[in-house]
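Shown next, in structure tokens, is the structure this report addresses.
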Amino acid sequence: MTKKTLLVLALAAVGGLASGLVHADTLKKIKDSGSATMGVRESSGALSYTLGDGKFVGYHVEICQKVLADVQKSLGLAKLDVKYQPVTSQNRIPLVQNGTVDIECGSTTNNAARQKDVAFAVTTFVEEVRIAVKANSGITGIAQLNGKSVATTTGTTSVQTLRKNERATGVDFKEVFGKDHADSFLLLESGRADAFVMDGAILAGNIAKAKNPADFKIVGEVLAVEPIAIMIRKDDPAFKKAVDDSIMAQMKSGDIAKTWSKWFEQPIPPANVKVGMPVNDNTKAAWATPNDNPAESYAKK
């Protein structure tokens, strides 16, 4: 064992710093290995989901595929092996930090707390947190959640957002957790939860894939407006610039709008149903003026 190896192991033992040092230069890592690992979600609506057999698709997955194609070109690689690593709300940030995932292409909100641990590319979608219920439930908003069970996904901020909403004052509900978004939707579908609070795109995507989509609806007020972005390692300005440049080129050319339409306004696999979600004005503004501002900057508006 060399002194260098011992040093790396020592750093790993003290706060996990080794991963940050080893992988701080993501472009070099990709060039040397000829591969890049994309963090993907299994049930994040049309943003990122699985078709099974290791196949992942969606709006953010396609954007990231184009980013990595641009990185491959800039590095002069004849071939780039793109690996897909499923992540969850709980482990997505650690897996980016420790180098397991090079670029996370799921449904992650860019906020000030997370910016202390990771970096975000320019915002690709501005989300609206909403409430999904069964169509015959009689629930039309926050007030009707009193005494009800509300599902959310472990590791997300949606129920915290609901509790902070001024209309939730005096509303007492029980929180139930799904391990991922599909599991949370199943809690609603099976009647173990009366509502599912989550990003609207994720709700719409899961409803579209339900056995009977008409049995569900999205109701009530917009609980929060949150910028959703592709996540990368912190303190790696060269890779962030490469990712941002690719995404901004997609915005400028109008390609990102076509990608949105493909996944949110056209029939998508596996059932070939439409999510039916036109792009909102906040997202259009983020495309027109690219930025990586955290959610807190939206709350001030």
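According to the working numbering, the sequence shown is numbered sequentially starting from 3. Just so you know, even glycine gets a beta-carbon here, dropped at the ideal spot from N, CA and C.
Spell out a yes or no on whether the segment 107-114 and the segment 235-245 are touching, meaning 3 or more CB-CB pairs, one atom from each, closer than 8 Å.
Two segments are said to touch when three or more pairs of C-beta atoms, one from each, lie closer than 8 Å; by this definition the segment 107-114 does not touch the segment 235-245.
Within 10 Å of its beta-carbon, does K1 have 16 or more other beta-carbons around it, so buried, or fewer, so exposed?
Since the displayed the chain opens at 3 and closes at 303, residue 1 lies outside it and no answer follows.
Around the Cβ of L8, are there at least 16 other Cβ atoms within 10 angstroms (buried) or fewer (exposed)?
Because the pLDDT of L8 is 45, which lies under 50, any placement of that residue in the model is unreliable, and the question is left without a value.
Could you please give the first and the last residue of the uninterrupted alpha helix (DSSP H) stretch that includes S139?
It is not in any alpha helix (DSSP H) - S139 carries neither H nor E in the DSSP assignment.
3-residue-minimum beta strand (DSSP E) runs that sit fully inside the segment 148-176, ordered along the chain
151-155
Indicate the three-state DSSP secondary structure (helix, strand or coil) for S109 in the structure shown.
coil
Start and end residues, alpha helix (DSSP H) containing I204:
G202 to A210
Whether T142 touches V221 by CB criterion (7 Å)
yes
Kindly indicate which residue of P229, M279 and A301 has the alpha-carbon position closest to the one of A123.
P229
Please report the distance separating the alpha-carbon of D217 from that of A137.
D217 and A137: Cα-Cα distance of roughly 5 Å.
Tell me which residues share the same chain as H25 and place their Cβ nearer than 6 Å to its Cβ, disregarding the 5 neighbours each side in the sequence.
Here H25 scores only 48 on pLDDT, less than 50, and its place in the model should not be relied on; the value that follows carries that caveat. Excluding residues within five positions, the ones whose Cβ falls inside 6 Å are K31 and G101.
Is it true that the CB of A115 sits closer than 7 Å to the CB of K236?
no
Beta strand (DSSP E) containing R235: first to last residue?
M233 to R235
Quick one: does N274 have its CB under 7 Å from some CB of chain C?
The structure shown contains no chain C; it holds only a single protein chain.
Looking only at DSSP bridge pairs, what is A259 linked to?
DSSP output for A259 lists no bridge partner at all.
V128 bridges to which residues according to DSSP?
According to DSSP, V128 bridges with P229.
Hey, quick one: how far does the alpha helix (DSSP H) through A121 stretch, first residue to last?
From DSSP, A121 is part of no alpha helix (DSSP H) but of the beta strand (DSSP E) over V120 to F122.
Along the beta strand (DSSP E) that carries T39, what are the first and last residues, could you check?
S37 to V42
I believe T159 touches D182 by the beta-carbon criterion, under 8 Å. Please report the beta-carbon distance rounded to the nearest angstrom.
Not really, about 15 Å apart at Cβ, beyond 8 Å.
Should K166 go down as buried or exposed, given a rule of 16 or more other Cβ atoms within 10 Å for buried?
exposed
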